[in-house]
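> Per this note's numbering, the sequence shown starts with residue 31, numbered consecutively.
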Amino acid sequence: MTTTAPKRIGILGGTFDPVHIGHLRGALEVADALGLDELRLTPSARPPHRDTPQVSAQDRLAMVECAVAGVAPLVVDARELQRDKPSYTIDTLELMRAELAADAQVFLLLGWDAFCGLPTWHRWEELLQHCHILVLQRPDADSEPPDALRNLLAARSVSDPLALKGPSGQIAFVWQTPLAVSATQIRQLLASGKSVRFLVPDAVLAYIDAHGLYRASN
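1. Determine the burial state of residue 117: buried for a count of at least 16 other Cβ atoms within 10 Å of its Cβ, exposed for fewer.
2. Any idea if residue 129 is buried or exposed, counting beta-carbon neighbours within 10 angstroms, 16 or more meaning buried?
3. Taking the alpha carbon of residue 50 as the point to measure from, which residue in 161, 213 and 240 has its own alpha carbon closest?
4. Report all residues from its chain with a CB closer than 7 Å to the CB of residue 122; omit the five preceding and five following residues, and keep chain order.
5. Only counting the same chain, and skipping five residues up and downstream in sequence, which positions put a Cβ closer than 7 Å to that of residue 89?
6. Does DSSP put residue 83 in a helix, in a strand, or in coil?
7. Excluding the 5 residues flanking residue 107 on each side, which residues of the same chain have their C-beta closer than 6 Å to its C-beta?
8. Taking only the alpha-carbon atoms, compute the straight-line gap between residue 115 and residue 222 and give it to the nearest angstrom.
9. Given that a residue counts as buried once 16 or more other Cβ atoms are within 10 Å of its Cβ, and exposed if not, what is residue 150?
10. Tell me the DSSP secondary structure of residue 200 in three-state form.
11. Closer than 8 Å by C-beta to residue 245: which residues in its own chain qualify, once you throw out the five before and the five after it? Chain order, please.
12. Suppose contacts are defined by Cβ-Cβ distances below 8 Å. Is residue 87 in contact with residue 97 by that definition?
13. Given that a residue counts as buried once 16 or more other Cβ atoms are within 10 Å of its Cβ, and exposed if not, what is residue 112?
14. Among 187, 196 and 66, which has the Cα closest to the Cα of residue 145?
15. From this set, 39, 209, 164 and 201, which residue's C-alpha is nearest residue 132's C-alpha?
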């Protein structure tokens with residue numbers, strides 16, 4: 031009897047306001063490096079730690095759907111937009127876990143800044159009960175993690191992301207090709223009437239143009 035390997039699911043949350051090549055290239059690199067079966071881009075509705083997104087949740091979701099169409103293993107998970115309360119990652123993880131096999135490996139992708147902010151997250155100490163955490167390291171992230179995370183890193187980090195064992199509980203760092211692209215920069219360019227071609231996928235650009243998003247008149 032052949033046993034099938036546990037599913038490997040990645041989760042990348044964000045406001046995606048708008049989704050851009052930095053998000054997508056980073057996601058694809060991680061999915062390839064770790065052999066993920068699926069990497070779920072999860073747009074947040076009302077992120078507790080960020081300013082309110084500039085465009086509607088429906089538009090942000092539509093742009094992510096345009097961006098990942100036909101790009102396996104990237105998929106969209108819209109559950110946070112269907113909840114009428116702030117987007118707490120712990121809630122999302124609990125819901126996903128309930129739908130997955132017990133042995134499925136879940137990897138939560140976090141940028142360095144988000145990782146350093148973990149101690150301010152809702153029920154953050156419980157996150158590792160539901161997932162592994164992959165910290166996307168860029169060469170410019172040379173700051174020290176806060177004290178609250180040092181003990182956690184000492185206890186839970188493994189040096190090789192491919193060595194993460196079991197469904198959850200560990201932390202690893204993944205080296206990223208830095209793409210100096212930010213959603214803020216893209217919004218500023220659009221507001222001043224400049225082109226954002228090649229900073230976002232063509233399908234996303236077409237959606238932004240068709241709906242007049244981020245223009246100064248908005």
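Glycine included, every Cβ here is placed at the ideal spot set by N, Cα and C. Remember, predicted model here, so these are calculated numbers, not experimental data.
With the structure as the only source:
1. Under this definition residue 117 is a buried residue.
2. Only exposed fits residue 129, as fewer than 16 other CB atoms lie within 10 angstroms of its CB.
3. Selection 161, 213 and 240 evaluated against residue 50 yields 213 as nearest (Cα-Cα).
4. Correct list, in chain order: 72, 109 and 110.
5. 241 and 243, listed in sequence order.
6. Residue state, collapsed to three classes: coil.
7. Excluding residues within five positions, the ones whose Cβ falls inside 6 Å are 70 and 72.
8. A straight-line Cα-Cα distance of about 33 Å links residue 115 and residue 222.
9. When all chains shown are included, residue 150 counts as exposed.
10. DSSP places residue 200 in coil when its eight states are reduced to three.
11. Correct list, in chain order: 220, 221 and 223.
12. It is not a contact, given that the beta carbons lie outside the stated cut-off.
13. Exposed, because fewer than 16 other Cβ atoms sit within 10 Å of the Cβ of residue 112.
14. Selected option, being the one with the closest Cα: 187.
15. Of the candidates 39, 209, 164 and 201, the one whose C-alpha sits nearest the C-alpha of residue 132 is 39.
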